[in-house]
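Below you'll find the structure, written out as C-alpha cells, and then a few comments.
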Amino acid sequence: MPQRVAGLSHLATMRYGKLMSRVLPPLARGSFLRALAVLVPLLLFLGGLSARIAGSTEDNAWFQTLVLPAAQPPGPVFGIAWSILYTLLAVAAALLWGSHGRRGRGAALAVFGLGIVLNLCWSPLFFREHLILPALLLIVAMFVVAVVTVLLAARVNRLAAWLLVPYCAWLGFAGALNADIWRFNPTADEFQLEV
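Residue numbers (the numbering used here): 2 to 196.
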C-alpha cells in the first residue's frame, strides 16, 4: 500500500510539472510562486478592508431599508464568493507576473491593476455613500475593464485569462442586482443627476 501511494504521489508530481511547464517556463515559476504568496493575502486583505470601511454587512441600517431583488443571495454568500474570486484574481495576476518576456504582459497587468482599484471603490460608493446609480455605472466600468483584461491576458497566459472568467460572470450578476436595487429604490439614491 505505501508503494502505491508513493507511485500516485510521483504521478501527481509529474502531471503538475507538465502542467506548469505548459503554463510557465521553468525560470518564471519562482516569480509566479512569490507573486502568488504576496497577491493572495493582499487581495483578500484589501477586499475585506474595503468591505469593512464601507460597512457592507447585513447590519448596514441603510441597506436594510432597501427593497431587494428576489435573486439577492443571503449576505454570507457574498463573503464566500468574494474570497474565492479574489483568490482566482490573485492566481491570474501571479501567472501574468510570472510570464516574463511575453508580449503584452505589462498592459495586461496594468489593466488588471486598474480593475482592482475600481473593484475596491465599489463597496464604499454603494454601502457607505449610498450612491446606487454611480455604483451601477462603476460596476459597468469594472465589467468592461475585466473583459479587456481577459482579452489581454489571453495573449500572455491562457490559464490566467480563464481564471478571470468567473469574475466577469460575477460582475454581470452583481451588476444586474445593482440595477434592480436602483430600479426598486428610486429615492434611496442620495445622488441626483442634474440635467
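Backbone N, C-alpha and C fix where the C-beta goes; we use that ideal spot for every residue, glycine too.
Nearest Cα to residue 58 within the set 40, 146 and 81: 81. Fewer than three beta-carbon pairs drawn from the segment 141 to 152 and the segment 68 to 81 are found closer than 8 Å, and the two stretches are therefore not classed as touching. For residue 32, the enclosing alpha helix (DSSP H) begins and ends at 30 to 55.
Of 36, 40, 94 and 56, the smallest CA-CA separation from residue 164 is found for 94. Collapsing the DSSP output to three states places residue 73 in coil. Here the segment 47 to 64 makes contact with the segment 117 to 137; the two share three or more CB pairs at distances below 8 Å.
In summary, residue 50 is exposed, with fewer than 16 beta-carbon neighbours lying within 10 Å of its beta-carbon over all protein chains present.
With distances taken between CA atoms, residue 176 lies nearest to 138 out of 138, 161, 185 and 109. Distances from the CA of residue 109 to each of 153, 142 and 119 were compared; the closest alpha carbon is that of 153. Under the DSSP assignment, residue 64 falls in the alpha helix (DSSP H) whose first and last residues are 62 to 65. A direct Cα-to-Cα measurement between residue 183 and residue 113 gives close to 27 Å. A direct Cα-Cα distance of roughly 48 Å separates residue 103 from residue 65. About 6 Å separates the Cβ atoms of residue 157 and residue 97, confirming a contact at the 8 Å cut-off. Of 37, 48, 35 and 32, the smallest CA-CA separation from residue 120 is found for 48. Going by DSSP, residue 104 is part of no alpha helix (DSSP H) at all; its letter is neither H nor E.
Here the C-alpha atom of residue 105 lies approximately 37 Å from the C-alpha atom of residue 74. Counting the other CB atoms within 10 Å of its CB gives residue 150 a total of 16 or more, which places it among the buried residues. Secondary structure remark: continuous alpha helix (DSSP H) runs of at least 4 residues inside the segment 109 to 154: none found.
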